[in-house]
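Here the numbering used here is used: the sequence shown runs in plain steps of one and ends on residue 242.
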Amino acid sequence: MSINIQPHIEQRPHLKDPLEFYAKWQHFHGKAVSLLPKRGSTPNDDSRAYPSDSVVPLLRAFTSVFGLSDEELAPLAKALTGNEIDFMRLPLDEMPALALPYAEEEQASLFFLLSRPFFLALRQVCLLDGREWEGGRCPLCSARPALASIVEGPRRHLHCSWCGTTGPYRFIGCPNCGNENTTKLGTLVPEGGEAGFRISTCDDCHTYIKVAEGRVLEEMTADLADLASLPLDIVAQEKGYTRRAPNPIGLKKIT
């Protein structure tokens, strides 16, 4: 179900552009659900990408929503129709070698936005919410976490931006590299930042993950929480830390 973005734009006018872009993605997701096979709009268990007969209408919807050229994405259409692309490699940062007219980061964002309906549908089939994130990776698609949340206990849950799966991970430790040395783990709470958020950093792998208090995710989805706290990404990245998973609009680098 699509979320009405306008109230969030009114609350956070400085985030108007990313929120409007997310609204575009929601529009594409709705189209994708209507175009996919009606078996609950989910892929087969052995499916690694969209069904061949859905590729052309899905790409047409994608280019229409995001104002892209059908011609520029022709190599992608050919590869998808020929079952040459394995979406399950994407969360591992393994991009297909295609001659597309985009920079590497742009191409990674494109694949994220295009494939995400596939992963969200897969989540409806596999039902792995609540499963432990072994090694800090999503139990469904193997992605690194996009967001963490603290819930009653206290316990820490990790959230996947690819498929939406969420589950527990040990309370102390970097989910990106496994470091448990507390002298190399830090916390940033920027002044004037979005209430209910902080940044957990690791000086072993120089990455970070944003952390939402449990009540935050009672008021908004993980996607919106990630976008609402986008200024924290800027703070962390200006201090030299990197983000391992894309946000809901396909970005890792914000600065």
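Note that CB positions come from ideal geometry on N, CA and C, so glycine has one too.
Problem - Straight-line gap, histidine 193 to lysine 226 (C-alpha atoms, nearest Å) - result: In the sequence shown, residue 193 corresponds to position 206, counting from 1. In the sequence shown, residue 226 corresponds to position 239, counting from 1. Roughly 10 Å separates the two Cα atoms.
Handout entry: Sequence-distant residues of its chain with Cβ nearer than 7 Å to leucine 238 (five each side left out)
Key = Numbered from its first residue, the sequence shown carries residue 238 at position 251. Here the set comprises Ser96.
Practice task
Grab me the residues of leucine 6's own chain with a C-beta within less than 8 Å of its C-beta, minus the 5 sequence neighbours each way, in chain order.
Solution key: Residue numbering aside, residue 6 sits at position 19 when the sequence shown is read from its first letter. Closer than 8 Å at the Cβ level, and outside the excluded window around leucine 6, lie Ile(-8), His(-5), Ile(-4), Arg(-1) and Leu214.
Problem - Residues sharing a beta bridge with leucine 134, DSSP - result: Mapped onto the sequence shown, residue 134 falls at position 147. Paired residues: His146.
Exercise for the section: Might you give, ordered along the chain, the residues of its own chain that have their beta carbon closer than 7 Å to the beta carbon of proline 38, omitting 5 neighbours on each side? Expected result: Along the sequence shown, one-based indexing puts residue 38 at 51. Cβ within range, chain order: Pro24.
Exercise for the section: Mind checking who arginine 185 pairs with in its DSSP beta bridge? Expected result: Here residue 185 refers to the residue found at position 198 of the sequence shown. According to DSSP, arginine 185 bridges with Val198.
Exercise for the section: Measure how close the beta-carbons of histidine 275 and alanine 135 come, nearest whole angstrom, since I'm counting them as under 8 Å. Expected result: A query on residue 275 cannot be resolved here, the shown segment of the chain reaching from -12 to 242 and no further.
Problem - asparagine 168 versus valine 20 - alpha carbon distance - result: Numbered from 1 along the sequence shown, position 181 holds the residue referred to as residue 168. Numbered from 1 along the sequence shown, position 33 holds the residue referred to as residue 20. Each residue's Cα considered, the two are about 44 Å apart.
Practice task
Classify leucine 127 as helix, strand or coil using the three-state DSSP reduction.
Solution key: Stepping through the sequence shown from its first residue, residue 127 is reached at position 140. If DSSP states are grouped into helix, strand and coil, leucine 127 belongs with coil.
Handout entry: Straight-line gap, glutamine 94 to glutamate 121 (C-alpha atoms, nearest Å)
Key = Here residue 94 is taken as the residue at index 107 of the sequence shown, counted from 1. Here residue 121 is taken as the residue at index 134 of the sequence shown, counted from 1. Distance between the alpha carbons of glutamine 94 and glutamate 121: 28 Å.
Exercise for the section: May I have the straight-line CA-CA distance separating glutamate 200 from arginine 230, to the nearest angstrom? Expected result: By one-based count along the sequence shown, residue 200 stands at place 213. By one-based count along the sequence shown, residue 230 stands at place 243. Rounded to whole angstroms, glutamate 200 to arginine 230 spans 19 Å at the Cα level.
Practice task
Under the assumption that proline 78 contacts serine 129 (Cβ atoms under 8 Å), give the Cβ distance between them as a whole number of angstroms.
Solution key: Taking the first residue of the sequence shown as position 1, residue 78 is located at position 91. Taking the first residue of the sequence shown as position 1, residue 129 is located at position 142. So it is a contact: roughly 5 Å between Cβ atoms.
Exercise for the section: Classify threonine 208 as buried or exposed, calling it buried when 16 or more other Cβ atoms lie within 10 Å of its own Cβ. Expected result: Sequence index remark: in the sequence shown, residue 208 carries index 221 (1-based). By the beta-carbon neighbour count (other beta carbons within 10 angstroms, threshold 16), threonine 208 is exposed.
Practice task
Leaving aside the five residues before and after proline 83 along the sequence, list all residues of the same chain whose C-beta is less than 7 Å from its C-beta, in chain order.
Solution key: The residue given as residue 83 occupies position 96 in the sequence shown. Cβ within range, chain order: Ala66 and Ile72.
Practice task
May I ask you to list the residues that DSSP assigns as paired with tyrosine 156?
Solution key: For this step, residue 156 is matched to residue 169 along the sequence shown. Note: tyrosine 156 sits in a beta bridge opposite Arg143.
Handout entry: 8 Å contact criterion, which threonine 152 and leucine 127 should meet: CB distance rounded
Key = Your numbering for residue 152 matches position 165 in the sequence shown. Your numbering for residue 127 matches position 140 in the sequence shown. Threonine 152 to leucine 127, Cβ: 5 Å. Contact.
Problem - Reduced DSSP category for leucine 175 - H, G, I as helix; E, B as strand; rest coil - result: Here residue 175 is taken as the residue at index 188 of the sequence shown, counted from 1. Strand.
Handout entry: N-terminal and C-terminal residue of the alpha helix (DSSP H) that cysteine 113 is part of
Key = Locating residue 113 in the sequence shown gives position 126, counting from the first residue. First-last of the alpha helix (DSSP H) with cysteine 113: 91 to 113.
Handout entry: alpha helix (DSSP H) segment containing threonine 68, residue limits
Key = Along the sequence shown, one-based indexing puts residue 68 at 81. That run of the alpha helix (DSSP H) goes 61 to 68.
Handout entry: Rounded straight-line distance, which links the Cα of phenylalanine 106 to that of glycine 69
Key = Walking along the sequence shown from the start, residue 69 turns up at place 82. Walking along the sequence shown from the start, residue 106 turns up at place 119. Roughly 20 Å between the two C-alpha positions.
Practice task
Using beta-carbon positions only, say whether arginine 118 and cysteine 150 come within less than 7 Å of one another.
Solution key: Numbered from its first residue, the sequence shown carries residue 118 at position 131. Numbered from its first residue, the sequence shown carries residue 150 at position 163. In this structure, cysteine 150 does not lie closer than 7 Å to arginine 118 by Cβ.
Problem - threonine 242 - DSSP class collapsed to helix/strand/coil - result: As a position in the sequence shown, residue 242 is number 255, starting the count at 1. In the structure shown, threonine 242 sits in coil (DSSP, three-state: anything other than H, G, I, E or B).
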